[in-house]
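Enquirer: Before we start, here is the structure in question, set down as structure tokens.
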Amino acid sequence: MEYQYLLVDPETQPHVAVVRLNRPKELNALNRRVMEELVHAMQVLERDGTTRCIVLTGNERAFAAGADIKEMAGMGTVDMLTIDQFARWDALKRIKIPIIAAVSGFALGGGCELSMLCDMIVASETAQFGQPEIKIGVIPGAGGTQRLTRAIGKARAMELVLTGKFITAQEAFAAGLVTRIAPPELFLQEALKLADEVAQMSPLAVRLAKEAVLQAFEQPLEAGLHFERKNFYMLFASEDQKEGMNAFVEKRPPEWQGR
Ligand code: CAA
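Here my numbering = 1-based position in the sequence shown + 63.
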């Protein structure tokens, strides 16, 4: 697939790919084509057998300013249902490799939701997060009411969703939405550093760890604990578990096989 709105570097550093949203004039507004390309790029990276972590970013001014309002403005309910506007988001949710959002500037509406669909957010000090859909007569539709509430709690999520106000990177960090903040010239480097830390771990364990953490949002505690235990036990069938533990005992760095 030829990308119109994405720049993909499959190996920015060993085992780490960078996917850049590249629709700058529209502040990376997420139209259907962008989402289609994004799913394609992520699935290709997932299948290449090399990528262990993906950094998803935008440009300095915007990570993404939301779903494309111009594309949606004339649509009706039946259009939404038949094109299944958010089906591509479900496909992104199924990517098993960790994805780090490196956010500078606006992460609004669908842009904020996309950053929250990622596994971690590294923000530039200039980042602004918000769910301003209420200002255009709708509500978040790609997970904002759920993921934001889980990330920062009901009171603060309610305020953002009901007023459409933005929060700064510092506020997002204090609220637990963002994992690291860096100056504007360093935020991507910071995200790559984090990606490198993840990429140095056993890819198999990373995959099962991501899966288990995400279950915390899906399951009651007992079922989540059961899921975690199953993944833990499963890793004892892997070469990486033997290698990791033997390397510890032998006081040497592990060499992961991803099997
Ligand atoms: N959709 C389509 N185009 C968008 C857009 C969006 N979400 N956000 C910005 N743009 C376009 C603008 O229309 C403008 O294009 P033109 O030059 O052709 O007019 C261009 O990007 C630059 O934007 P502005 O001139 O508005 O830039 P600004 O600096 O004055 O303001 C902003 C920046 C505050 C982000 C403002 O653009 C804005 O409020 N954007 C919309 C944010 C929004 O409401 N997002 C939610 C969308 S709905 C959604 O996401 C639903 C969901 O849950 C999935």
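From the three backbone atoms N, C-alpha and C, an ideal C-beta is built for every residue, glycine too.
Please identify the residue among Trp-319, Lys-305 and Glu-285 whose C-alpha is closest to the C-alpha of Ala-262.
Expert: In the sequence shown, counting from the first residue as 1, residue 262 sits at position 199. If we check each option's Cα against that of Ala-262, Trp-319 comes out closest.
Enquirer: Quick check for students: name the residue ranges of the beta strand (DSSP E) that lie wholly in the segment 182 to 222, counting only runs of 3 or more.
Expert: Counting only runs of 3 or more, we get 183 to 187 and 191 to 193.
Enquirer: Here's a check: name, in chain order, each residue in its chain whose Cβ is nearer than 7 Å to the Cβ of Ala-275, leaving out the five neighbours to either side.
Expert: The residue labelled residue 275 in the question sits at position 212 within the sequence shown. So the qualifying residues of the chain are Phe-290, Glu-291 and Asn-294.
Enquirer: Closer than 7 Å by C-beta to Ile-184: which residues in its own chain qualify, once you throw out the five before and the five after it? Chain order, please.
Expert: For the purposes of this step, residue 184 is taken as residue 121 along the sequence shown, with counting starting at 1. Counting only Cβ-Cβ distances below 7 Å, and skipping sequence neighbours, we find Ala-164, Val-166, Ser-178, Leu-240, Val-241 and Thr-242.
Enquirer: Which residue marks the beginning of the beta strand (DSSP E) containing Gln-76, and which one marks its end?
Expert: As a working mapping, residue 76 is identified with position 13 in the sequence shown. Element bounds for Gln-76: 69 to 76.
Enquirer: Can you tell which of Ile-146, Arg-219 and Glu-99 has its C-alpha closest to the C-alpha of Glu-328?
Expert: Nothing about residue 328 can be reported from this structure: the residues present for the chain run from 64 to 322 only.
Enquirer: Would you report the Cα separation of Leu-70 and Ala-286, rounded to the nearest angstrom?
Expert: Taking the sequence shown and counting its residues from 1, one reaches residue 70 at position 7. Taking the sequence shown and counting its residues from 1, one reaches residue 286 at position 223. One C-alpha to the other measures close to 40 Å.
Enquirer: Please classify Leu-93: does DSSP put it in a helix, a strand, or coil?
Expert: The residue you call residue 93 lines up with position 30 of the sequence shown. Residue state, collapsed to three classes: strand.
Enquirer: Have a look at Gly-216 and Thr-208 and give me their C-alpha separation to the nearest angstrom.
Expert: Locating residue 216 in the sequence shown gives position 153, counting from the first residue. Locating residue 208 in the sequence shown gives position 145, counting from the first residue. Whole-angstrom Cα-Cα distance: 11 Å.
Enquirer: I need the DSSP call for Ile-158, collapsed to helix, strand or coil.
Expert: Counted from its first residue, the sequence shown places residue 158 at position 95. If DSSP states are grouped into helix, strand and coil, Ile-158 belongs with coil.
Enquirer: Alpha carbons only, please: which of Arg-95, Glu-302 and Leu-267 is nearest the one belonging to Glu-109?
Expert: The residue labelled residue 109 in the question sits at position 46 within the sequence shown. Out of Arg-95, Glu-302 and Leu-267, Leu-267 has the C-alpha closest to the C-alpha of Glu-109.
Enquirer: If you scan the segment 77 to 157 from start to end, which runs of the beta strand (DSSP E) of 3 or more residues do you find wholly inside it?
Expert: Listed in chain order, the complete beta strand (DSSP E) runs (minimum 3 residues) inside the segment 77 to 157 are 79 to 84, 116 to 120 and 125 to 127.
Enquirer: At which residues does the alpha helix (DSSP H) containing Phe-236 begin and terminate?
Expert: The residue labelled residue 236 in the question sits at position 173 within the sequence shown. That run of the alpha helix (DSSP H) goes 232 to 238.
Enquirer: Name the two residues that bound the continuous alpha helix (DSSP H) containing Ala-310.
Expert: The residue you call residue 310 lines up with position 247 of the sequence shown. Residues 302 to 312.
Enquirer: Tell me the rounded alpha-carbon separation between Ala-170 and Arg-315.
Expert: Here residue 170 refers to the residue found at position 107 when the sequence shown is read from its first residue. Here residue 315 refers to the residue found at position 252 when the sequence shown is read from its first residue. Cα to Cα, Ala-170 sits roughly 42 Å from Arg-315.
Enquirer: Cβ atoms of Gln-194 and Gly-172: under 8 Å apart, would you say?
Expert: The count along the sequence shown starts at 1 and reaches residue 172 at position 109. The count along the sequence shown starts at 1 and reaches residue 194 at position 131. Contact: yes.
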